[in-house]
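Quick notes on the structure that follows.
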Ligand SMILES: [Zn+2]
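Residue numbers (my numbering): 18 to 221.
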């Protein structure tokens with residue numbers, strides 16, 4: 018792709034960016050809504066979160082029970098935790114759950130499912146096709162850096178968009194890389210970021 022057509026793409030970026038933001042909305046994880054009630058903490062939109070991440074309440078409750086060291090139960094759409102939990106504490110544990118049991122270990126997309134491979138539980142990604150055995154220690158090693166303009170990253174193109182642009186995923190972002198083909202792994206420099214989408218250029 019020539020420099021001119023690349024410039025044109027940057028100019029057209031707003032169309033591409035708004036289109037991909039819409040498709041990401043589908044998997045936007047709602048912010049937990051916490052409420053104190055006596056000695057209990059109630060997560061009012063617990064099932065809304067689970068609906069988006071497509072995990073069952075039994076597994077997620079078990080995780081929170083273990084992490085908070087106290088009984089929890091689901092009542093209707095709400096999670097009841099039998100002690101006071103701060104918003105920060107809950108969000109940290111939820112992030113930990115997402116990183117270990119939900120987000121793809123390769124592209125960070127939350128669009129995944131857990132499948133059994135023999136006796137091992139595996140996270141299978143619907144966005145990039147990657148498959149990894151669940152690793153409870155992942156939280157300790159994951160790189161939580163978000164992407165930044167002007168920095169370089171290695172990405173694998175997982176699909177081609179409507180305008181012929183290659184698309185990848187990284188840290189939950191959609192990375193648009195013009196002039197690439199599906200399946201290619203390339204070193205790119207991020208040029209522009211908006212919302213959950215970044216436009217990047219292949220580094221020669
Ligand atoms: Zn993936």
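All C-beta atoms in this analysis are idealised placements derived from N, C-alpha and C, irrespective of residue type, glycine included.
Query                                                                                                                                                                              : Result
By Cβ distance below 6 Å, which residues in the same chain neighbour residue 194 in space, the five residues on each side in sequence not counted?                                 : 183, 205, 217
Run the proximity test for residue 186: is its beta-carbon closer than 7 Å to any non-hydrogen atom belonging to ligand 1?                                                         : yes
Kindly indicate which three-state DSSP category residue 103 falls into: helix, strand or coil?                                                                                     : coil
With distances taken from each beta carbon to the nearest heavy atom of ligand 1, which residues come in below 5 Å, in chain order?                                                : 121, 123, 124, 126, 142, 144, 145, 147
Would you mind sorting residue 186 into buried or exposed? The rule is 16 or more other CB atoms within 10 Å of its CB.                                                            : buried
If we count Cβ pairs, one from each stretch, closer than 8 Å, do we get three or more for the stretch 124 to 137 versus the stretch 88 to 103?                                     : no
Sorted by chain position, which residues of the same chain lie with C-beta nearer than 7 Å to residue 220's C-beta, five sequence neighbours on each side aside?                   : 169, 204, 205, 206
Between residue 118 and residue 151, is the Cβ-Cβ spacing less than 8 Å?                                                                                                           : yes
Determine contact between the stretch 94 to 106 and the stretch 56 to 65, defined as no fewer than three beta-carbon pairs at a distance below 8 Å.                                : yes
How is the beta strand (DSSP E) around residue 206 delimited, first residue to last?                                                                                               : 202 to 211
Taking only the alpha-carbon atoms, compute the straight-line gap between residue 85 and residue 50 and give it to the nearest angstrom.                                           : 17 Å
Count the other C-beta atoms from every protein chain shown that fall within 10 angstroms of the C-beta of residue 78, then say buried if there are 16 or more, exposed otherwise. : buried
What does the Cβ neighbour count give for residue 165, buried or exposed, with the cut at 16 atoms within 10 Å?                                                                    : exposed
Report, in whole angstroms, the separation of the C-beta atoms of residue 197 and residue 175, which I expect to be a contact under 8 Å.                                           : That belief does not hold up - the Cβ atoms of residue 197 and residue 175 are roughly 11 Å apart, past 8 Å.
Of all the beta strand (DSSP E) runs that stay within the bounds of the stretch 172 to 197, which reach a length of 3 or more residues?                                            : 183 to 187, 190 to 194
What residue from 155, 121, 136 has the CA that sits closest to residue 143's CA?                                                                                                  : 121
Looking at C-alpha atoms only, which residue of 44, 178, 45, 63 is the closest neighbour of residue 107?                                                                           : 63
Could you please give me the residues that DSSP links to residue 121 through a beta bridge?                                                                                        : According to DSSP, residue 121 bridges with nothing at all.
Do you know offhand how far residue 202's Cα is from residue 47's?                                                                                                                 : 32 Å
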